[in-house]
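*Asks:* Heads up, the sequence shown is in numbering that gives the first Met the number 0, so the first residue is 0 and it goes up one at a time. Pasting a structure here, questions to come.
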Amino acid sequence: MASQCGEEARRDGPQSRPGPRLDRLNAATYTPRVVKRGPLPTTTPCSLCAGEDLTFLYKQKDRNGHLIRLTVCNRCGLTQLNPRREDDAETDFYAADYNQIFQQHARSLNPSKVARRTEIAVGLLDAVDELVPLAGARVVDIGCGYGHLLGEARARGASVAGVEPDRRAAASARDAGFDVFAGSLQEFARQASRPFDVVTISHVVEHIGNPIPFLETAGGLLRPSGVVAVQVPNLEHYLAVGKHPDKAHSAHVAYHTEATLRGLFAVSGLSVASSGPAQSGRHVYAVGQPAAGPVPVTLPFEDPNRIRAAHVAAIRRLPILRARRQLERTRKVLRKTLKQANNAFKKNAVAVRNALRGQRSP
């Protein structure tokens with residue numbers, strides 16, 4: 000089957016499809032040597048199911064220079080870093096690495112980046128609005144950053160508040176006119192005096208080492224009819240376009256598909272009302288309510304063999320993708336150099352023409 004999948008890739012060619020068709024992979028037999036089965040030398044149990052049967056996918060230095068090891072849990076199918084940060088390291092992460100990784104990006108926000116963040120917020124709020132009308136609702140955004148989602152929710156008539164562990168980001172959101180608590184979700188929950196209609200958590204859960212108590216705490220902030228809305232990067236998208244090994248980094252400890260996100264809701268006592276991909280599949284969301292009783296849990300949430308095979312296919316495509324990116328960078332440099340040369344030529348031509356005119360004048 001491995002040779003059969005390889006033959007399909009050669010037949011389709013790099014032009015027709017940028018990554019593997021996940022629905023066509025039979026991963027049970029598509030397991031090249033780059034994937035190592037068996038227990039890792041140093042592991043922590045899976046953050047989703049507490050399983051200890053993990054498959055090592057690869058290790059590399061991420062874009063920030065941190066060495067990471069990516070694994071997939073064979074019990075539930077979640078892709079995750081292992082070892083990973085635990086809750087007692089989260090404060091240190093936000094105090095140090097968070098600023099290094101994200102703040103320099105935030106300071107350079109241009110209109111296109113602001114528009115992209117706004118688009119992400121709009122997509123999640125649209126999903127919420129179908130279940131709980133935002134007009135007049137009390138909304139708290141966990142990990143609100145600089146307040147993009149808060150602004151969109153307020154524009155829809157909601158009363159908004161934010162929780163942000165990074166104090167500089169919290170101060171910036173306050174300067175923009177938002178009520179923001181600077182601290183962790185647990186600290187906020189201890190002092191919250193009134194319940195909320197909506198708790199939004201956009202691009203935060205993938206940073207949390209122990210997400211189950213995190214979501215349980217978020218659910219505890221709700222009125223009986225309230226909802227929790229979570230949005231994370233979509234692993235399926237990055238694998239399908241062959242980019243994931245380049246996108247993995249130490250700030251993201253878990254990489255979800257829709258199935259594993261729904262599974263996270265279930266084990267956190269939340270009943271999913273709606274879920275699906277968003278923003279052309281780049282992200283995946285789920286909206287749910289605290290369940291009246293135990294939520295049925297069926298393992299695995301995601302087929303670990305299929306996910307493992309998709310990782311392998313993405314790794315195999317990396318040299319081609321990196322070569323294409325390098326070619327595009329070279330093209331940009333050449334275009335810039337050519338433009339500069341043309342401008343210099345025109346400038347010199349004007350100078351020569353003016354000099355010749357000056358010589359002809361009596």
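By construction, the Cβ of each residue, glycine as well, lies at the ideal position given by its N, Cα and C atoms.
For ALA26 and GLY176, I'd like the C-alpha separation in whole angstroms.
*Replies:* The residue labelled residue 26 in the question sits at position 27 within the sequence shown. The residue labelled residue 176 in the question sits at position 177 within the sequence shown. Note that ALA26 scores 38 on pLDDT, short of 50, meaning its location in the model is unreliable; the coordinates nonetheless yield the value given after this. Their Cα atoms are separated by approximately 51 Å.
*Asks:* Would you call ASP178 buried or exposed, if buried means 16 or more other Cβ atoms sit within 10 Å of its Cβ?
*Replies:* Locating residue 178 in the sequence shown gives position 179, where the first residue counts as 1. By the 10 Å Cβ count, ASP178 comes out exposed.
*Asks:* In whole angstroms, what is the alpha-carbon distance linking ALA343 and ARG352?
*Replies:* Counting from one through the sequence shown, the residue named residue 343 turns up at place 344. Counting from one through the sequence shown, the residue named residue 352 turns up at place 353. Cα to Cα, the separation comes out at about 14 Å.
*Asks:* Suppose you measure from the CA of PRO276 to the CA of ASP61; what does that come to, to the nearest Å?
*Replies:* Against the sequence shown, residue 276 aligns to sequence position 277. Against the sequence shown, residue 61 aligns to sequence position 62. So the two alpha carbons sit approximately 26 Å from each other.
*Asks:* Taking just the CA atoms, how far does ALA312 sit from VAL159?
*Replies:* Taking the first residue of the sequence shown as 1, we reach residue 159 at position 160. Taking the first residue of the sequence shown as 1, we reach residue 312 at position 313. Straight-line Cα distance between these residues: approximately 43 Å.
*Asks:* What residue range is occupied by the uninterrupted alpha helix (DSSP H) comprising TYR145?
*Replies:* For the purposes of this step, residue 145 is taken as the residue at position 146 of the sequence shown. No alpha helix (DSSP H) contains TYR145, which DSSP labels as neither H nor E.
*Asks:* Name the two residues that bound the continuous beta strand (DSSP E) containing VAL271.
*Replies:* The count along the sequence shown starts at 1 and reaches residue 271 at position 272. Run containing VAL271: 269-277, per the beta strand (DSSP E) assignment.
*Asks:* Can you tell me where the alpha helix (DSSP H) with ARG376 in it begins and where it stops?
*Replies:* Residue numbering for the chain in the displayed model covers 0 to 361; residue 376 lies beyond these limits and cannot be assessed.
*Asks:* Leaving out five residues on either side along the sequence, give the residues of the same chain with a beta carbon under 6 Å from the beta carbon of ALA114.
*Replies:* The residue labelled residue 114 in the question sits at position 115 within the sequence shown. None.
*Asks:* Output needed for ARG153: all residues of its chain with C-beta closer than 7 Å, excluding positions within five of it in sequence on either side, in chain order.
*Replies:* Taking the first residue of the sequence shown as position 1, residue 153 is located at position 154. Closer than 7 Å at Cβ, skipping near neighbours: VAL159.
*Asks:* Looking at the secondary structure, which residues open and close the alpha helix (DSSP H) in which ALA250 lies?
*Replies:* Taking the first residue of the sequence shown as position 1, residue 250 is located at position 251. Counting along the chain, ALA250 falls outside any alpha helix (DSSP H), and DSSP gives it neither H nor E.
*Asks:* What residue from SER46, HIS65, SER224, ASN233 has the CA that sits closest to VAL131's CA?
*Replies:* The residue you call residue 131 lines up with position 132 of the sequence shown. If we check each option's Cα against that of VAL131, SER224 comes out closest.
*Asks:* From this set, GLY64, CYS48, ARG307, which residue's C-alpha is nearest THR297's C-alpha?
*Replies:* As a working note, residue 297 is residue 298 in the sequence shown. Comparing Cα-Cα distances from THR297 to each of GLY64, CYS48, ARG307, the minimum goes to CYS48.
*Asks:* Check whether the Cβ atoms of ARG155 and LEU133 sit closer than 7 Å, and answer yes or no.
*Replies:* Sequence index remark: in the sequence shown, residue 155 carries index 156 (1-based). Sequence index remark: in the sequence shown, residue 133 carries index 134 (1-based). Their beta carbons are under 7 Å apart, which means ARG155 touches LEU133 by this criterion.
*Asks:* What residues in its chain sit with their C-beta under 7 Å from that of ALA181, if we drop five residues either side in the sequence?
*Replies:* As a position in the sequence shown, residue 181 is number 182, starting the count at 1. So the qualifying residues of the chain are GLU163, ARG166, ALA169.
*Asks:* Check for me: the beta strand (DSSP E) holding GLY287 runs from which residue to which?
*Replies:* Position 288 of the sequence shown, counted from the start, is the residue given in the question as residue 287. GLY287 -> beta strand (DSSP E) spans 282-289.
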